Structure formats: C-alpha cells, structure tokens
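Written below as structure tokens is the structure these notes are about.
Numbering (our numbering), first residue to last: 36 to 362.
Laid out in structure tokens, this is it:
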C-alpha cells in the first residue's frame with residue numbers, strides 16, 4: 036500500500052482524521068505549517084511528520100515525494116487548495132480534501148485536464164456534505180427515468196468548529212446559485228422550500244453548495260437546487276476566533292445530520308429519499324479517511340472526480356451509522 040499524507044493534522048477535523056487513519060493501520064504522515072505543533076500530534080499518534088508551508092513550492096514538492104495520497108484538511112481552502120492541487124499534479128500525488136467552498140470545486144474543474152494528463156485524481160469533498168448529498172442524489176435520481184430536476188436539502192445540526200466558521204466567512208459565495216439547463220445561474224435567495232427530513236416539514240433556505248457542481252457532474256441532471264436547514268448554533272454569531280475548536284463528542288452525538296432529496300423524471304414522476312447520519316464533524320473525517328484508504332488500494336479515476344463517481348452510490352452508507360430510505 037502507498038503512503039498517505041494528511042495536511043492540517045493539528046486542526047479539529049484533521050486530528051480526528053489522523054487518529055482514524057492510525058486506527059485503520061494506514062500509518063499516515065502528518066503535515067502542517069507549524070513544526071512544533073505537528074510534532075506533538077505526530078508523537079502522540081506514533082506517526083511521522085513533515086512541516087511545510089503551502090506557499091513554499093519547493094518545500095511542498097519535497098514533502099510530497101513518495102506520497103501516494105494527499106488528504107488536505109487545512110482550511111481556509113481559499114489559501115490551501117490551489118497550491119496543494121497544483122503540487123499534487125506536479126508530483127503525481129492523488130489529492131483529496133474536505134472543502135465545503137464552491138471555489139475549490141471550480142478550481143478543480145479548471146485543473147481537470149492537467150490532472151487527467153498526469154494520471155492524478157482530484158477529489159475535493161471526499162468527506163462531509165459532498166459525499167452525503169452526492170450519494171443521496173444519485174440514489175434518488177436512479178428511481179426515476181431520465182431525471183430532469185433535483186432539489187436537495189441538508190439539515191445542519193449543532194455547532195460549527197472555529198476553522199469551519201473562519202473558512203466560511205473568508206470564502207462565502209454571496210450569490211444564491213442554482214443549476215438551470217446545465218449552467219450555474221443566479222436564483223432567488225427568498226425562494227424557500229419545505230422538506231421533510233423525517234421529523235415533519237421544515238422551511239429550507241436556498242444556498243450555494245458545491246453539490247451544484249459535483250452532483251451535476253456525477254448524474255448529468257440539468258436542473259439542480261440546493262437548500263439548507265440549520266438547527267442549534269450551526270451558524271454562529273460574534274467573534275469567530277473565540278469559538279471552541281469544535282463540538283465535543285457528546286454534542287456531536289446529540290446532533291445528527293439529515294438530508295432530503297426530490298427527483299423529477301422526464302415523465303413528471305417525483306420521488307423522494309432521505310439520508311440520516313451522524314453529525315457532520317463525525318462523518319467527515321471518517322468518510323475522508325475511508326476514501327483515502329480506497330484510493331491507496333488503487334480505486335482511482337484521474338481528473339476532477341467526486342465520491343459517487345469513484346466509489347459508487349453506496350459510499351455514504353459505508354460510513355458510521357448512515358442510512359438512506361425512500362419515502
């Protein structure tokens with residue numbers, strides 16, 4: 036098996052990913068900007084470590100020597116995605132991350148040709164909502180003939196990590212986009228819609244999610260709308276730097292995530308399916324490391340990809356306590 040490098044392994048989600056990779060026997064190399072901090076985590080987990088900054092091209096290339104898979108857990112991805120994706124292509128290293136920002140996926144689209152030519156896979160969103168929603172979308176769409184429209188909503192429960200909140204604030208897509216006839220266009224931010232996640236109808240708000248790109252690529256559905264329903268302290272107020280690293284294990288256990296999808300076929304038939312899973316901060320590192328393990332085992336499709344394309348519609352249901360049901 037090849038070598039896995041987890042960059043950003045001292046962050047809230049990155050540390051959980053490193054712990055899970057260690058527990059699976061993947062012997063990850065842990066990377067980060069701060070040599071002292073990364074050494075502490077690496078020593079605790081019994082892992083090798085490499086300290087380097089993403090804006091030092093030669094240092095990045097040196098750190099990736101002999102690496103098969105790079106899992107980038109270091110946000111904001113506005114700063115880390117481009118240098119690490121480009122380095123991955125230069126060094127023939129498969130790139131995975133857990134980004135939720137649309138621009139990371141647009142970047143991967145622009146690098147698709149170069150990555151394909153290099154035999155490198157770019158898999159942003161290997162964990163998190165992109166894996167959840169992608170699998171739910173593909174499952175739901177398969178229940179109708181020639182799906183023409185998909186509406187999909189994510190229920191975000193509990194609190195955000197400090198890193199996620201900062202990433203979101205620095206790379207927020209202010210436009211409310213949706214996919215119409217295969218193109219991303221501006222939509223009405225007030226066009227709310229009701230979804231039932233399994234506990235009754237709730238009002239969901241249109242939001243620009245990277246799934247507009249990934250689901251479109253995976254399913255070919257021309258018309259896609261994405262929504263969110265937040266409960267608890269999902270979108271915090273106040274000084275972001277004062278937030279805790281992330282929710283505790285008890286808080287995560289108390290706040291499961293859900294998603295609901297509605298697909299319309301060419302004949303007008305409408306079907307609905309829902310996903311129920313663990314908290315997003317539990318799901319994300321588990322899914323990302325499972326994806327990395329499968330890439331290490333040579334499940335690879337060069338170019339810009341998403342989890343459904345590479346691992347199939349059942350990928351999300353292999354992660355923790357995740358299930359999809361039809362309604």
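Ideal Cβ positions, reconstructed from N, Cα and C, are used throughout, including at glycine.
Computed from a prediction, not measured in an experiment: that's the story for all the values here.
- Taken through DSSP and simplified to helix, strand or coil, residue 151 comes out as helix.
- Taken in chain order, the complete alpha helix (DSSP H) segments of 4 residues or longer contained in the segment 120-190 are 137-145, 147-153, 164-176.
- Residue 258 is bridged by DSSP to 184.
- In this structure, residue 131 places its C-beta atom within 8 Å of the C-beta atom of residue 158.
- Residue 88 is classed as exposed because its beta carbon has fewer than 16 other beta carbons within 10 Å across all chains shown.
- Judged by DSSP secondary structure, residue 309 falls within the beta strand (DSSP E) whose first and last residues are 305-312.
- DSSP places residue 299 within a strand segment (E or B) once states are collapsed to three.
- A contact between stretches requires three or more CB pairs, one per stretch, nearer than 8 Å, and the segment 337-356 fails this requirement with the segment 70-81.
- The three-state secondary structure of residue 67, taken from DSSP, is strand.
- A buried status is given to residue 51, since no fewer than 16 other beta-carbon atoms sit within 10 Å of its beta-carbon.
- Only residues of its own chain outside the window of five on either side were considered, and among them 300, 301, 302 have a CB closer than 7 Å to the CB of residue 180, listed in chain order.
- Rounded to whole angstroms, the gap between the alpha carbons of residue 156 and residue 56 is 20 Å.
- Excluding sequence positions up to five before and after residue 316, its CB lies within less than 7 Å of the CB of 48, 196, 281, 282, 287, all in the same chain and listed in chain order.
- One alpha carbon belongs to residue 107, the other to residue 263, and they sit about 25 Å apart.
- For secondary structure counted as the alpha helix (DSSP H) over 4 or more consecutive residues, the segment 76-113 holds these complete runs in sequence order: 92-98.
- Between the segment 332-343 and the segment 142-152 there are three or more inter-stretch CB-CB distances shorter than 8 Å, so the stretches are counted as touching.
- With a cutoff of 8 Å on beta-carbon distance, residue 168 and residue 294 are scored as near each other.
- Counting other Cβ atoms within 10 Å of its Cβ, residue 332 stays below 16 and is therefore classed as exposed.
- Proximity to residue 189 across 233, 119, 215 peaks at 233, based on C-alpha coordinates.
- With 16 or more other Cβ atoms from the protein chains shown falling within 10 Å of its own Cβ, residue 213 counts as buried.
- Straight across, the Cα-Cα distance linking residue 352 with residue 175 is about 14 Å.
- For residue 230, the beta-bridge partners assigned by DSSP are 237.
- Ranking 343, 358, 327 by CA distance to the CA of residue 309 puts 358 first.
- Per DSSP, residue 221 is one residue of the beta strand (DSSP E) stretching across 218-221.
- In the three-state reduction of the DSSP assignment, residue 43 falls in the coil class.
- If you look at residue 288, you'll find it in the alpha helix (DSSP H) that goes 284-289.
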